[in-house]
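Residue numbers (this note's numbering): 3 to 78.
The beta carbon of each residue, even a glycine, is placed where N, CA and C say it ideally should be.
Remember, predicted model here, so these are calculated numbers, not experimental data.
Here the structure comes first, spelled out in structure tokens, and everything after it is commentary.
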Amino acid sequence: MKKKQALIEGVNRLKASHEQAATILQNIVHDVVRVSKGGEGLPERRDFRRYRRAIKELKLQCLQVEMVLAEFDRED
């Protein structure tokens, strides 16, 4: 039962990390599109740093879920 709970919690954290990264990327893309259409203001460097941190967190969550899944494979 602990493995199932760990998997559920891991997937929930993975989903939250993915949503956070996707939101940040969406904001960056919005800024880039605005600039490409003649608008002003490039995306802020801090947004790229936030996105990079979000991707790192997403990768970490993926690894954690993979580890839990590997435990299920060992039982087979």
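Should residue i and residue j be called a contact, given that it needs their Cβ atoms to be closer than 9 Å?
i	j	result
residue 1	residue 74	Outside the shown range of the chain, which is 3 to 78, sits residue 1, and nothing can be said about it.
residue 44	residue 35	no
Of all the options the options, which has the alpha carbon lying nearest to the alpha carbon of residue i?
i	options	result
residue 50	23, 39, 64, 65	23
residue 30	72, 76, 54, 8	54
residue 57	33, 35, 76, 17	17
residue 11	76, 71, 77	71
residue 9	66, 38, 40	66
What distance in whole Å lies between the Cβ atoms of residue j and residue i, which are believed to be in contact at a cut-off of 8 Å?
i	j	result
residue 52	residue 26	5 Å
residue 68	residue 19	Residue 68 to residue 19, Cβ: 14 Å. No contact.
Mind checking residue i: buried by the 16 CB within 10 Å criterion, or exposed?
i	result
residue 63	buried
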